[in-house]
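Just add 18 to wherever you are in the sequence shown, counting from 1, and you've got my numbering. All C-beta atoms in this analysis are idealised placements derived from N, C-alpha and C, irrespective of residue type, glycine included. Please read the structure below before turning to the comments.
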Amino acid sequence: MKMFQPYLCRRCSIRSPVLGRMLSRYAMNGGDGPHSYAQNSSYQKGVVDVAKPIIEEEISRKLDIKHLSSTFRIADFGCSTGHNSCAAMQIITEAIRRRFEIEGLISQLPDFYVFFNDKVTNDFNTLFNSLPRERLYGAAGVPGSFHGRLLPKATLDFAYSSCSLNWLSEVPKAVLDNTSPAWNQGKIHYLGARREVCEEYANQYAKDIESFLDSRAEELVPGGLMALLVPAVPASWDPNSAYTTTTEIYLFGSCFMDMAKAGRFSEAKGHNREE
Ligand SMILES: C[S@@+](CC[C@H](N)C(=O)[O-])C[C@H]1O[C@@H](n2cnc3c(N)ncnc32)[C@H](O)[C@@H]1O
């Protein structure tokens, strides 16, 4: 099994090793209170809604239901606390059930199992509590980084991930190094940054996506399906004239910098002697 370094959100490249270690364990806010991910992820739910007809069509066109085994295994990589994940699992299992119905094979419908994956610090309790009573699948939690192998070889029929593959496994070292041409001057993102900075982030993303795909290639059965919903901006995007969610990152970045300057990241600052 391949092992990888702990991951970091690519939004969080504040120049601090201790803060870095802290953020590597960072997961979405748990529970269902006002600051929870569950109450603050309607944008991500919109992504699932937009993808629904595409996923349904691909299942109807590409899934070879005549050669499935009696158990159909689905995994959601980066499921968080579950509300959006449950909606997606409902879409996938319902679409497969419909295929069996339309083809007159409903008596051969397999048992569905969903493996919900996220970091070990994720609030899996909220996820399991929010599973719908009426569902077609059994559920299991799989904690750990999706940049490595998580499931046995050739056991997975459907790999799914939404709004999670944009998380990097680590901040590229050069952007934190003030002697490097790729130093990002403490900024938390590459937007508007020099070419060297963008290249460091792009290289890190290439490494991460490769390790994700290599791992899934081993886990998927022949003929298995994969649906990856990855936030991105069009190549033609001009940050000066058009708004996207990435524009918010400027705002977060300047807030983080103000908080760091005000000593709110005191532990990190105390340990970060090179700053
Ligand atoms: C923005 S949330 C998306 C959650 C859910 N898929 C949705 O659409 O609402 C991103 C999730 O990816 C998880 N994540 C990030 N990097 C990960 C990794 N290397 N392995 C497993 N989960 C990871 C985070 O902990 C977080 O819960």
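Practice task
Mind checking which residues open and close the alpha helix (DSSP H) that includes residue 297?
Solution key: There is no way to answer for residue 297, as the model of the chain reaches only from 19 to 293.
Practice task
Please confirm whether any heavy atom of ligand 1 lies closer than 8 Å to the CB of residue 62.
Solution key: Ligand 1 has a heavy atom closer than 8 Å to the beta-carbon of residue 62.
Handout entry: residue 95: CB within 8 Å of a non-hydrogen atom of ligand 1
Key = Yes, since a heavy atom of ligand 1 falls inside the 8 Å radius drawn around the Cβ of residue 95.
Exercise for the section: Report whether the distance from the Cβ of residue 225 to the nearest heavy atom of ligand 1 is below 8 Å. Expected result: Residue 225: no, Cβ never under 8 Å from ligand 1.
Practice task
Please name the residue, chosen from 82, 58, 165 and 52, that lies closest to residue 127 on a Cα-to-Cα basis.
Solution key: The shortest Cα separation from residue 127 among 82, 58, 165 and 52 belongs to 82.
Problem - residue 209 beta carbon less than 9 Å from that of residue 201 - result: No, these two residues do not count as a Cβ contact at 9 Å.
Handout entry: Residues near residue 217 by beta carbon distance below 8 Å, same chain, minus five either side
Key = Residues of the same chain with a CB within less than 8 Å of the CB of residue 217, apart from the 5 flanking positions on each side, are 200 in chain order.
Exercise for the section: Output the distance between the C-alpha atoms of residue 203 and residue 196, rounded to the nearest integer angstrom. Expected result: Using only the alpha carbons, I get a separation of about 7 Å.
Problem - Rounded separation between residue 233 and residue 166 - CA only - result: Here the alpha carbon of residue 233 sits roughly 6 Å from the alpha carbon of residue 166.
Practice task
Give the range of the alpha helix (DSSP H) segment to which residue 71 is assigned.
Solution key: First-last of the alpha helix (DSSP H) with residue 71: 60-80.
Handout entry: Cβ-heavy atom distance, residue 171 to ligand 1, below 8 Å
Key = Taking 8 Å as the cut-off, one finds no heavy atom of ligand 1 near enough to the beta carbon of residue 171.
Exercise for the section: Could you round the C-beta distance between residue 246 and residue 179 to whole angstroms and report it? I think they count as a contact, below 8 Å. Expected result: About 5 Å separates the beta carbon of residue 246 from that of residue 179, a gap short enough to meet the 8 Å contact definition.
Handout entry: Three-way DSSP call (helix, strand, coil) for residue 40 in this model
Key = For residue 40, the pLDDT reaches just 46, beneath the cut-off of 50, and the residue's location in the model is therefore unreliable, although a value from the coordinates is still provided. Residue 40 falls in the helix class under three-state DSSP.
Handout entry: Rounded Cβ spacing between residue 1 and residue 48 (contact assumed at less than 8 Å)
Key = Not covered by the structure: residue 1. The range shown for the chain is 19 to 293.
Handout entry: Whole-angstrom distance between residue 181 and residue 100, CA atom to CA atom
Key = Cα to Cα, the separation comes out at about 13 Å.
Practice task
Output the distance between the C-alpha atoms of residue 131 and residue 243, rounded to the nearest integer angstrom.
Solution key: Here the alpha carbons of residue 243 and residue 131 stand approximately 15 Å from one another.
Exercise for the section: State the start and end residues of the unbroken alpha helix (DSSP H) segment that holds residue 234. Expected result: It spans 213-237 - the alpha helix (DSSP H) in which residue 234 sits, taken as one unbroken run.
Practice task
Just the C-alpha distance for residue 281 and residue 214, rounded to the nearest angstrom, thanks.
Solution key: Looking at the backbone, the Cα of residue 281 and that of residue 214 are separated by about 30 Å.
Practice task
Put residue 91 into one of helix, strand or coil per three-state DSSP.
Solution key: In this structure, residue 91 counts as strand in the three-state DSSP scheme.
Exercise for the section: Could you tell me whether the region 60-69 touches the region 148-164, using the rule of 3 or more Cβ pairs below 8 Å? Expected result: A contact is defined here as three or more CB-CB pairs under 8 Å, and the region 60-69 fails this definition with respect to the region 148-164.
Problem - Sequence-distant residues of the same chain with beta carbon closer than 7 Å to residue 198, five excluded per side - result: The answer, listed in chain order, is 192.
Exercise for the section: Please find out if some non-hydrogen atom of ligand 1 comes closer than 8 Å to the beta-carbon of residue 165. Expected result: The beta carbon of residue 165 sits closer than 8 Å to at least one heavy atom of ligand 1.
Practice task
Just tell me which of 52, 72 and 58 has its CA closest to the CA of residue 110.
Solution key: 72 is the residue among 52, 72 and 58 whose C-alpha sits nearest the C-alpha of residue 110.
Practice task
Answer yes or no: the CB of residue 67 versus the heavy atoms of ligand 1, is any distance below 8 Å?
Solution key: No.
Exercise for the section: Out of 183, 170, 76 and 226, state which residue places its alpha-carbon closest to the alpha-carbon of residue 190. Expected result: Nearest to residue 190 by C-alpha distance, out of 183, 170, 76 and 226, is 226.
Practice task
Have a look at 98, 230 and 177 and flag the residue whose alpha-carbon is nearest the alpha-carbon of residue 91.
Solution key: Per the Cα distances, 177.
Handout entry: DSSP-derived helix/strand/coil call for residue 294
Key = In the structure displayed, the chain extends from 19 to 293; residue 294 sits before or after that span and is not available.
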